[in-house]
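Those letters in the sequence shown? Residues 91 to 214, by the numbering used here. Idealized CB from N, CA, C, for every residue including glycine. Okay, so here's the structure we're looking at.
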Amino acid sequence: LPRIPITDPLPSSLASPGVYAVSSSTHQVQYIELSGNVAASLTWHAANLPADQCASAQVLHHADPNHLQSVALAWINAVVAETGSPPVGNDRRAVGSAWRRRPRPVPPPLTFEKAGAPVEEEIE
Numbered sequence: 091l092p093r094i095p096i097t098d099p100l101p102s103s104l105a106s107p108g109v110y111a112v113s114s115s116t117h118q119v120q121y122i123e124l125s126g127n128v129a130a131s132l133t134w135h136a137a138n139l140p141a142d143q144c145a146s147a148q149v150l151h152h153a154d155p156n157h158l159q160s161v162a163l164a165w166i167n168a169v170v171a172e173t174g175s176p177p178v179g180n181d182r183r184a185v186g187s188a189w190r191r192r193p194r195p196v197p198p199p200l201t202f203e204k205a206g207a208p209v210e211e212e213i214e
């Protein structure tokens, strides 16, 4: 599969389910994952990881999640066979790393407006 540079904005064709492999600027596979929206996942990685670790991606789109999971496992096994270890983001020791963290929706702050201006007084 061709390598797609991770740039902003990403092509809209990536906004669909798929499996992706993120590579560093030296083309070392850093992370392999399934996603319901590959473009959103890659955008998140690009915003939260150093650019040299998140330079390009290889993407396979497919509607069948079982097929995507098989592909992801095959890609991870290929990296292990080639390098002797899984991609850094898929290593079990990377559980708390930026590769695996996902943003949680944060509700907007609750504000009250009085005559068009925010009210900054605390209610006791």
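Check: To the nearest angstrom, how far is it from the Cα of Gly174 to the Cα of Ser106?
Finding: To locate residue 174, count along the sequence shown from 1; it is residue 84. To locate residue 106, count along the sequence shown from 1; it is residue 16. Each residue's Cα considered, the two are about 31 Å apart.
Checklist line | Pick from Thr116, Arg183, Ile96, Glu172 that is closest to Ala136, judged by C-alpha positions | finding: Taking the sequence shown and counting its residues from 1, one reaches residue 136 at position 46. If we check each option's Cα against that of Ala136, Ile96 comes out closest.
Margin query: Just to check my reading of the structure: Ala145 and Ala111 have Cβ atoms closer than 8 Å, yes? What is that Cβ distance to the nearest angstrom?
Written below: As a working mapping, residue 145 is identified with position 55 in the sequence shown. As a working mapping, residue 111 is identified with position 21 in the sequence shown. Rounded, the Cβ-Cβ distance is 12 Å, inconsistent with contact.
Next item on the list: For Leu150, name the three-state secondary structure that DSSP assigns.
Entry: Translated into the one-based positions of the sequence shown, residue 150 becomes position 60. If DSSP states are grouped into helix, strand and coil, Leu150 belongs with the strands.
Next item on the list: Flag this pair as yes or no: are the beta carbons of Val109 and Ala153 separated by less than 8 Å?
Entry: Taking the first residue of the sequence shown as 1, we reach residue 109 at position 19. Taking the first residue of the sequence shown as 1, we reach residue 153 at position 63. Going by C-beta atoms, Val109 is not nearer than 8 Å to Ala153.
Checklist line | Gly179 versus Ala129: straight-line alpha-carbon distance, rounded | finding: Counting from one through the sequence shown, the residue named residue 179 turns up at place 89. Counting from one through the sequence shown, the residue named residue 129 turns up at place 39. Cα to Cα, Gly179 sits roughly 18 Å from Ala129.
Margin query: Buried or exposed for Pro177, going by 16 or more other Cβ atoms inside 10 Å?
Written below: If you number the sequence shown from 1, residue 177 lands on position 87. The residue is buried, with at least 16 neighbouring Cβ atoms inside 10 Å.
Note to self: Below 8 Å on the Cβ atoms is my contact criterion, and I expect Trp189 with Tyr121 to pass it. Report the Cβ-Cβ distance as a whole number of Å.
What the structure shows: Here residue 189 corresponds to residue number 99 of the sequence shown, with the count starting at 1. Here residue 121 corresponds to residue number 31 of the sequence shown, with the count starting at 1. Between Tyr121 and Trp189 the Cβ distance is about 5 Å, and since that is below 8 Å, they are a contact.
Next item on the list: Report the option in His151, Val149, His117, Asn167 whose CA atom is closest to the CA atom of Gln143.
Entry: To locate residue 143, count along the sequence shown from 1; it is residue 53. Residue His117 is the option with its Cα nearest to Gln143.
Notebook entry, point to check: Which residues in the same chain have their Cβ closer than 6 Å to the Cβ of Asp98, if we skip the five residues on either side of it in sequence?
Noted result: For this step, residue 98 is matched to residue 8 along the sequence shown. Nothing listed; no residue qualifies.
Check: Would you call Ser113 buried or exposed, if buried means 16 or more other Cβ atoms sit within 10 Å of its Cβ?
Finding: Taking the first residue of the sequence shown as 1, we reach residue 113 at position 23. Answer is buried; the Cβ neighbour count reaches 16.
Note to self: Taking 8 Å as the threshold (C-beta atoms), are Val169 and Ile94 in contact?
What the structure shows: The residue given as residue 94 occupies position 4 in the sequence shown. The residue given as residue 169 occupies position 79 in the sequence shown. Not closer than 8 Å, so no.
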